[in-house]
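Peer 1: Per my numbering, numbering through the sequence shown is continuous, rising by one, with the last residue being 165. Questions regarding the structure given below will be posed in turn.
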Amino acid sequence: MLIALIFLSFILNLAAFYLIFLLFQRLKAVENESPQNVKREIEELMTAYLADLGEENDALVARLKEQISPTNSDAWFPHVDDIVDKFEEPLLSKAVKLQQKGYNVTDIAKELDKGEGEIELLLKFNKNVHL
35 MLIALIFLSF ILNLAAFYLI FLLFQRLKAV ENESPQNVKR EIEELMTAYL ADLGEENDAL
95 VARLKEQISP TNSDAWFPHV DDIVDKFEEP LLSKAVKLQQ KGYNVTDIAK ELDKGEGEIE
155 LLLKFNKNVH L
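As structure tokens, then:
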């Protein structure tokens, strides 16, 4: 019985070594083909990606051309008549002009709708700058 078990163990070891040898050969075959296959797969993926990107760009260009068509040109550019340039005089300039006209701090604050302290500080800073 012991001889049968040793013989069976020997057969199983030979089968295991044979399977290991087959796996090793397949692994080498895959490693040899791998750079070429990977290169081909990457090239196919990049080609597909570029094709999709080109289609999206074409669709975007078509939509933009549709929106900028002569019938919709008013939607893109505002009418020149609707644009009004406004220049608002700075608070300091207004306060100085009123002071030169003889207004006191309280009157300037009421006229400009600001606090007396704010107007007083503005005028003091302006006075210190021009000294």
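Ideal Cβ placement from N, Cα and C applies to all residues, glycine included.
Provide the residue span of the alpha helix (DSSP H) that contains residue 123, from first to last.
Peer 2: Unbroken run through residue 123: none, as it is neither H nor E.
Peer 1: Would DSSP call residue 136 helix, strand or coil?
Peer 2: Note: residue 136 maps to coil in three-state DSSP.
Peer 1: For the alpha helix (DSSP H) containing residue 158, list its first residue and its last residue.
Peer 2: Its alpha helix (DSSP H) spans residues 150-163.
Peer 1: Taking the C-alpha atoms as reference points, what is the distance between residue 99 and residue 161?
Peer 2: Straight-line Cα distance between these residues: approximately 59 Å.
Peer 1: Using the Cα positions of residue 79 and residue 54, report the straight-line distance between them to the nearest angstrom.
Peer 2: Taking the straight line from one Cα to the other gives about 35 Å.
Peer 1: Tell me the DSSP secondary structure of residue 102 in three-state form.
Peer 2: In the structure shown, residue 102 sits in coil (DSSP, three-state: anything other than H, G, I, E or B).
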